[in-house]
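Note that our numbering has the sequence shown beginning at 1, numbered continuously upward.
For glycine and all other residues, C-beta sits at the position ideal for the given N, C-alpha and C.
To start, the structure itself, in structure tokens.
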Amino acid sequence: EPLSARKRGPLAAPGPRGCLCMLLRAPTSAQRALATMAETKPLLRGVVFDMDGTLTVPNLDFGEMYRRAGVPRGEDILATRWRADETACRVVEEMEAEGRRTLALMPGAAELAAWLEAHGVQSALVTRNSDATVAHFHKSLWRSAPLSPAISRDAAWPSKPDPAALLHIGELWRVGSMEEVCMVGDSPSNDVSFGRAAGAATALLDTGRRLSEGGETNGAELVVSNLAQLAALLFGSFRLASPLLEPSLHAKRPPPSPATAAAAAAA
Numbered sequence: 001e002p003l004s005a006r007k008r009g010p011l012a013a014p015g016p017r018g019c020l021c022m023l024l025r026a027p028t029s030a031q032r033a034l035a036t037m038a039e040t041k042p043l044l045r046g047v048v049f050d051m052d053g054t055l056t057v058p059n060l061d062f063g064e065m066y067r068r069a070g071v072p073r074g075e076d077i078l079a080t081r082w083r084a085d086e087t088a089c090r091v092v093e094e095m096e097a098e099g100r101r102t103l104a105l106m107p108g109a110a111e112l113a114a115w116l117e118a119h120g121v122q123s124a125l126v127t128r129n130s131d132a133t134v135a136h137f138h139k140s141l142w143r144s145a146p147l148s149p150a151i152s153r154d155a156a157w158p159s160k161p162d163p164a165a166l167l168h169i170g171e172l173w174r175v176g177s178m179e180e181v182c183m184v185g186d187s188p189s190n191d192v193s194f195g196r197a198a199g200a201a202t203a204l205l206d207t208g209r210r211l212s213e214g215g216e217t218n219g220a221e222l223v224v225s226n227l228a229q230l231a232a233l234l235f236g237s238f239r240l241a242s243p244l245l246e247p248s249l250h251a252k253r254p255p256p257s258p259a260t261a262a263a264a265a266a267a
């Protein structure tokens, strides 16, 4: 359960003489356990996003795409075999170009991006979309810092769920462990499998697609119905090396000096 969702009791209760007795007691075993848990949570070094259906509202009719391309529905249209097929490639490119005209940001995506950026958490993209669609997304929809790296199907890396691209991002970010990375996507079979294969934490945006993939989350640690909900879950599951959490920001400061003689007299 995320820390922000837990009920917080009073910090201390007054004793018989008005003192805060709780502050004088040694930490309880439960308090020590909570402190240990906080220390053992992995540091969140970065979040890697899927694009279609995750950062953008799905707008491609894949059933129609497979039908027009002549690819059996049970096969991967981006598999090596079909990427060498001229008709299949043309259909995919045409339908994706059509989709760019109506591409829209997923609800909650901007809020989550702002939260990650404020806390100094890196963000990247691994998508089965093309370079052209990724460029259009950054230019037309994305208002936060560019997702970097942004790996599309046009890159040299194999498509998801092969974990090679995600492991490459971990190397670029110099993470101590892939547990410090969270993969976020809407597909249990592609995105969650991709993250789990790399050893990363996984978050599933459950927009209903999992129901078409067997009704399972495929072992995703975090499940949300809106991306804005993910911030609280990440805060509860990871440590943050955030400039907003620096103790100096919350230190008590002396009151300001009166700015004028009249203010000084009033004080």
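For this session: Measure the alpha-carbon distance for Glu94 versus Pro42 and round it to whole angstroms.
Result: Here residue 94 corresponds to residue number 94 of the sequence shown, with the count starting at 1. Here residue 42 corresponds to residue number 42 of the sequence shown, with the count starting at 1. Rounded to whole angstroms, Glu94 to Pro42 spans 43 Å at the Cα level.
For this session: Give the DSSP-derived three-state secondary structure of Phe49 in the structure shown.
Result: Taking the first residue of the sequence shown as 1, we reach residue 49 at position 49. Phe49: strand per DSSP, three-state reduction.
Problem set entry | Counted within 10 angstroms of its Cβ, other Cβ atoms place Arg153 as buried (16 or more) or exposed | Indexing the sequence shown from 1 puts residue 153 at position 153. With 16 or more Cβ atoms within 10 Å of its Cβ, Arg153 is classed as buried.
Exercise. Asp52: which of Thr102, Ala79, Thr40 and Leu245 sits nearest, CA to CA?
Worked result: Within the sequence shown, residue 52 is the residue found at index 52, counting from 1. Comparing Cα positions, the closest option is Thr102.
Exercise. Taking the C-alpha atoms as reference points, what is the distance between Gly219 and Ala118?
Worked result: Within the sequence shown, numbered from 1, the residue matching residue 219 stands at position 219. Within the sequence shown, numbered from 1, the residue matching residue 118 stands at position 118. Distance between the alpha carbons of Gly219 and Ala118: 29 Å.
Exercise. Do you know whose CA, among Asp61, Leu222 and Pro243, lies nearest Gly236's CA?
Worked result: Stepping through the sequence shown from its first residue, residue 236 is reached at position 236. Looking at the Cα atoms, Leu222 is the closest of the given residues.
For this session: Would you list the residues sitting across from Cys182 in a DSSP beta bridge?
Result: In the sequence shown, the residue the question calls residue 182 occupies position 182. For Cys182, which the question treats as bridged, DSSP gives the partners Val47 and Ala201.
Exercise. Leu234 and Ala203: beta carbons closer than 9 Å?
Worked result: Position 234 of the sequence shown, counted from the start, is the residue given in the question as residue 234. Position 203 of the sequence shown, counted from the start, is the residue given in the question as residue 203. Yes.
For this session: Tell me, to the nearest whole angstrom, how far the beta carbon of Glu179 is from that of Gly199; I am working on the premise that it is less than 8 Å.
Result: Residue numbering aside, residue 179 sits at position 179 when the sequence shown is read from its first letter. Residue numbering aside, residue 199 sits at position 199 when the sequence shown is read from its first letter. Confirmed, about 7 Å.
Problem set entry | Residue burial classification, Asp50 (beta-carbon count within 10 angstroms, cutoff 16) | Residue mapping note: residue 50 aligns to position 50 of the sequence shown, counting from 1. By the 10 Å Cβ count, Asp50 comes out buried.
Exercise. Given a threshold of 16 other Cβ atoms within 10 Å of its Cβ, counted over all protein chains shown, does Arg128 qualify as buried or as exposed?
Worked result: Here the question's residue 128 lines up with position 128 in the sequence shown. Arg128 should be labelled buried.
Problem set entry | Nearest candidate by alpha-carbon position, reference Val192, set Lys160, Leu172, Gly70 and Glu171 | Here residue 192 refers to the residue found at position 192 of the sequence shown. Checked all of Lys160, Leu172, Gly70 and Glu171; the closest Cα to Val192 is Lys160.
Exercise. Pick from Thr133, Arg143 and Met183: whose alpha carbon is nearest that of Ala110?
Worked result: Sequence index remark: in the sequence shown, residue 110 carries index 110 (1-based). The option with the nearest alpha carbon to Ala110 is Arg143.
Exercise. Are the beta-carbon atoms of Thr54 and Leu147 separated by less than 9 Å?
Worked result: Numbered from its first residue, the sequence shown carries residue 54 at position 54. Numbered from its first residue, the sequence shown carries residue 147 at position 147. Not in contact: Thr54 and Leu147 (Cβ atoms no closer than 9 Å).
For this session: In angstroms with no decimal places, state the Cα-to-Cα distance between Trp82 and Glu64.
Result: Here residue 82 corresponds to residue number 82 of the sequence shown, with the count starting at 1. Here residue 64 corresponds to residue number 64 of the sequence shown, with the count starting at 1. So the alpha carbons of these two residues sit roughly 16 Å apart.
Problem set entry | Same chain, Cβ closer than 6 Å to Asp131, five either side skipped, listed in chain order | Within the sequence shown, residue 131 is the residue found at index 131, counting from 1. Cβ within range, chain order: Ser152 and Asp154.
Problem set entry | Host alpha helix (DSSP H) of Leu172 (start-end) | In the sequence shown, the residue the question calls residue 172 occupies position 172. That run of the alpha helix (DSSP H) goes Ala164 to Trp173.
For this session: Return the residue from the list Ala113, Glu75, Arg45 and Gly99 that minimises the CA-CA distance to Ala145.
Result: One-based indexing of the sequence shown puts residue 145 at position 145. Answer by Cα proximity: Ala113.
Problem set entry | C-beta atoms of Ala69 and Ile77 nearer than 9 Å | Looking up residue 69 in the sequence shown gives position 69. Looking up residue 77 in the sequence shown gives position 77. A contact, by the Cβ cut-off of 9 Å.
Exercise. In chain order, what residues of the same chain have a beta carbon less than 7 Å from the beta carbon of Ala241, not counting five sequence neighbours either side?
Worked result: Residue numbering aside, residue 241 sits at position 241 when the sequence shown is read from its first letter. Excluding positions up to five away in sequence, the list reads Leu43 and Gly120.
For this session: Within its chain, find whatever has a CB closer than 6 Å to the CB of Arg73; leave out the 5 residues flanking it on each side and keep chain order.
Result: Position 73 of the sequence shown, counted from the start, is the residue given in the question as residue 73. So the qualifying residues of the chain are Tyr66.
Problem set entry | C-alpha gap between Ala35 and Ala201, whole angstroms | In the sequence shown, counting from the first residue as 1, residue 35 sits at position 35. In the sequence shown, counting from the first residue as 1, residue 201 sits at position 201. Because Ala35 sits at a pLDDT of 49, beneath the cut-off of 50, its placement in the model cannot be relied upon, and the following sentence gives the value as read from the coordinates. When rounded, the distance between both Cα atoms is 22 Å.
Problem set entry | Beta-bridge partners of Ala151, as assigned by DSSP | Taking the sequence shown and counting its residues from 1, one reaches residue 151 at position 151. Looking at the sequence provided, one finds Ile at residue 151 rather than Ala. DSSP output for Ile151 lists Val126 as bridge partner(s).
Exercise. Who are the Cβ neighbours of Leu141 in its own chain at under 6 Å, not counting the five residues just before and after it?
Worked result: Numbered from its first residue, the sequence shown carries residue 141 at position 141. If we look at Leu141 and ignore the five residues flanking it on each side, its Cβ neighbours are Leu105.
Problem set entry | Status (buried if at least 16 other CB within 10 Å, exposed otherwise) for Phe194 | On the sequence shown, position 194 is the one that residue 194 refers to. So Phe194 counts as buried.
Exercise. When DSSP labels each residue in this structure, what does Gly99 get in the three-state scheme?
Worked result: Counting from one through the sequence shown, the residue named residue 99 turns up at place 99. Three-state DSSP puts Gly99 in a helix.
Exercise. When DSSP labels each residue in this structure, what does Thr40 get in the three-state scheme?
Worked result: Numbered from 1 along the sequence shown, position 40 holds the residue referred to as residue 40. Here Thr40 sits in helix by DSSP.
For this session: Would you identify the three-state DSSP class for Thr56, choosing helix, strand or coil?
Result: Within the sequence shown, numbered from 1, the residue matching residue 56 stands at position 56. Reduced to three states, the DSSP call for Thr56 is strand.
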